[in-house]
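Chemist: Sequential numbering from 40 applies to the sequence shown in the working numbering.
Attaching a single structure in structure tokens format; questions to follow.
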Amino acid sequence: QVQLVESGGGSVQPGGSLRLSCTASGLTFNIYAMDWIRQAPGKERQFVGMISWRTGSTSYAGSVKGRFTISRDNANNTVYLQMNSLKPGDTAVYYCRVRPYGSTVAYWGPGAPVTVSS
């Protein structure tokens, strides 16, 4: 059974930093990519960024580019989201998602809440 566990969420003041982690277990497939998605209160889910598991290349939404960095630990099936210069608009529940090679099925974590407030 595929399981994703996120950690590192919490509250921070504007301008602060947080680092989220997401570890996948129970995998029976090769990972194509892992993504971070967020959902702010009352809003639709928004793509934050992704990392190619094979190459390590990354892609980000324009609203976080230059402030957020995604990295990975292949050996431990873990993806990280380093969030710097946080703004109140970054307040959301952050979800990690794993996408297998050759499949349209994706697996989601339960989400980690992030609150940016003074």
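C-beta: ideal position from N, C-alpha, C; glycine also.
Looking at the unbroken beta strand (DSSP E) that takes in W75, where does it start and where does it end?
Modeler: 70 to 78 is the extent of the beta strand (DSSP E) around W75.
Chemist: What do you get for A131, buried or exposed, if any count of 16 or more other CB atoms within 10 angstroms of its CB means buried?
Modeler: That one is buried.
Chemist: DSSP on A100, reduced to helix/strand/coil?
Modeler: Residue state, collapsed to three classes: coil.
Chemist: Considering T117, what are the terminal residues of the beta strand (DSSP E) in which it resides?
Modeler: From DSSP, the beta strand (DSSP E) with T117 extends over 117 to 122.
Chemist: My output table needs one value for A131: the three-state DSSP class, helix, strand or coil.
Modeler: Three-state DSSP puts A131 in a strand.
Chemist: As a quick exercise: from P53, V41, T62, pick the residue whose alpha carbon is nearest that of N115.
Modeler: For N115, the nearest C-alpha among the options comes from T62.
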